[in-house]
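Be aware that the sequence shown starts at 1, since it is given in full-length UniProt numbering, and climbs by one per residue.
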Amino acid sequence: MECFYVIELLEKYTQCDKRSIYITLQKIKLAKTFSELGDAFGISESSTSTIFSNHVVIISNFLKGLIIWPSEEKITNQLPLPFRARYSTVQCIIDCLEIEIQKPSDAVKEALTWSEYKKANTIKYLISSTPDGIINYTSGGYGGRTSDAVIVEQSGFLDKLKPGAGVMADRSFKHIENLIDERKCALIRPPFTYRKSY
1 MECFYVIELL
11 EKYTQCDKRS
21 IYITLQKIKL
31 AKTFSELGDA
41 FGISESSTST
51 IFSNHVVIIS
61 NFLKGLIIWP
71 SEEKITNQLP
81 LPFRARYSTV
91 QCIIDCLEIE
101 IQKPSDAVKE
111 ALTWSEYKKA
121 NTIKYLISST
131 PDGIINYTSG
141 GYGGRTSDAV
151 IVEQSGFLDK
161 LKPGAGVMAD
171 RSFKHIENLI
181 DERKCALIRP
191 PFTYRKSY
């Protein structure tokens with residue numbers, strides 16, 4: 001039901017038609033090819049590509065307006081039960097989203113976007129959410145070669161933190177302890193990130 005509400009909001013405030021919204025969101029979420037989308041919607045591959053290109057920025061600009069950093073009080077009041085006992089100071093949970101892109105023709109851009117982890121050219125975004133799952137921050141895009149620590153440091157995310165806030169991050173975020181400490185905040189590693197895998 002909530003998904004349809006967002007579609008209706010997009011349709012109303014962006015003047016985009018439903019088909020264009022669905023094509024754009026499916027391309028982003030499901031990484032379908034333009035050919036697959038064309039088949040699904042009964043239009044040509046080039047038409048789906050054009051629809052995506054014409055609507056992705058419009059939809060993105062609208063959705064950015066929905067990303068806000070709630071007050072500490074609101075976040076605390078909405079803490080899920082599993083957080084209340086052990087992680088009551090957590091104000092945000094961070095992760096990097098890495099999206100595969102076409103190989104750039106420029107050699108420098110190719111090198112900057114190469115991700116050893118994905119073994120492909122990627123763009124990375126720092127995403128933060130509140131413990132109850134509301135996205136409260138997204139960074140700009142960084143080349144796949146950029147470390148998570150550099151993105152945390154350069155993206156403006158740290159400016160959002162208030163002293164005393166807990167930032168939850170898994171072990172893939174190496175070398176960010178000092179950055180978080182400088183803001184008088186605490187880096188919290190969930191226990192499952194320490195388990196050994198055999």
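Positions of the beta carbon are idealized from the N, C-alpha and C atoms, including for glycine.
Integer-rounded CB distance, given that residue j should sit under 8 Å from residue i
{"i": "I101", "j": "T130", "result": "Not confirmed; about 29 Å, so no contact."}
{"i": "L37", "j": "Q26", "result": "6 Å"}
{"i": "F52", "j": "I23", "result": "6 Å"}
{"i": "S128", "j": "C92", "result": "4 Å"}
As assigned by DSSP and simplified to three states, the class of residue i
{"i": "A169", "result": "coil"}
{"i": "A85", "result": "helix"}
{"i": "Y198", "result": "For Y198, the pLDDT reaches just 37, beneath the cut-off of 50, and the residue's location in the model is therefore unreliable, leaving the point undetermined."}
{"i": "I176", "result": "coil"}
{"i": "D132", "result": "coil"}
{"i": "Y125", "result": "strand"}
{"i": "Y137", "result": "strand"}
{"i": "Q26", "result": "helix"}
{"i": "S35", "result": "helix"}
{"i": "D17", "result": "coil"}
{"i": "I67", "result": "coil"}
{"i": "D95", "result": "strand"}
{"i": "Y5", "result": "helix"}
{"i": "E100", "result": "strand"}
{"i": "I115", "result": "Per the sequence presented here, residue 115 reads as Ser, with Ile not at that position. If DSSP states are grouped into helix, strand and coil, S115 belongs with the strands."}
Beta-carbon proximity list for residue i, same chain, < 8 Å, skipping 5 on both sides
{"i": "A149", "result": "F173, K174, H175, I176, L179"}
{"i": "S77", "result": "Reading off the sequence, residue 77 comes out as Asn, not Ser. Within the same chain, N77 has no close Cβ partners at all."}
Selected residue, minimal CA-CA separation from residue i, among the options
{"i": "G140", "options": "V152, E72, G133", "result": "V152"}
{"i": "F157", "options": "A85, S44, D95", "result": "D95"}
{"i": "K184", "options": "L161, Q91, T50, K103", "result": "L161"}
{"i": "Y117", "options": "S147, S49, E72, T33", "result": "S147"}
{"i": "V90", "options": "E182, A169, I28, L126", "result": "A169"}
{"i": "E8", "options": "P104, R171, S115, L63", "result": "L63"}
{"i": "H55", "options": "S71, I28, E110, K103", "result": "I28"}
Chain-order list of residues whose beta-carbon lies under 7 Å from that of residue i (same chain, five-residue window excluded)
{"i": "I68", "result": "N136"}
{"i": "I58", "result": "T14, C16"}
{"i": "R19", "result": "F41"}
For residue j and residue i, the rounded distance between their alpha carbons
{"i": "Q15", "j": "S46", "result": "22 Å"}
{"i": "S44", "j": "D106", "result": "29 Å"}
{"i": "L187", "j": "P163", "result": "12 Å"}
{"i": "G133", "j": "A165", "result": "17 Å"}
{"i": "S49", "j": "E73", "result": "44 Å"}
{"i": "K119", "j": "R189", "result": "26 Å"}
{"i": "L79", "j": "K12", "result": "32 Å"}
{"i": "V6", "j": "L97", "result": "22 Å"}
{"i": "K32", "j": "E182", "result": "42 Å"}
{"i": "T138", "j": "D39", "result": "32 Å"}
{"i": "V108", "j": "S88", "result": "44 Å"}
{"i": "I75", "j": "W114", "result": "36 Å"}
{"i": "V167", "j": "K124", "result": "19 Å"}
{"i": "L30", "j": "P191", "result": "30 Å"}
Neighbourhood of residue i by C-beta, 6 Å cutoff - its chain only, sequence neighbours within 5 removed
{"i": "L112", "result": "G143, R145"}
{"i": "P82", "result": "none"}
{"i": "A85", "result": "none"}
{"i": "S155", "result": "L126, S139"}
C-beta neighbour in chain C for residue i, strict 8 Å
{"i": "E116", "result": "Looking for chain C here will not work: only one protein chain is present."}
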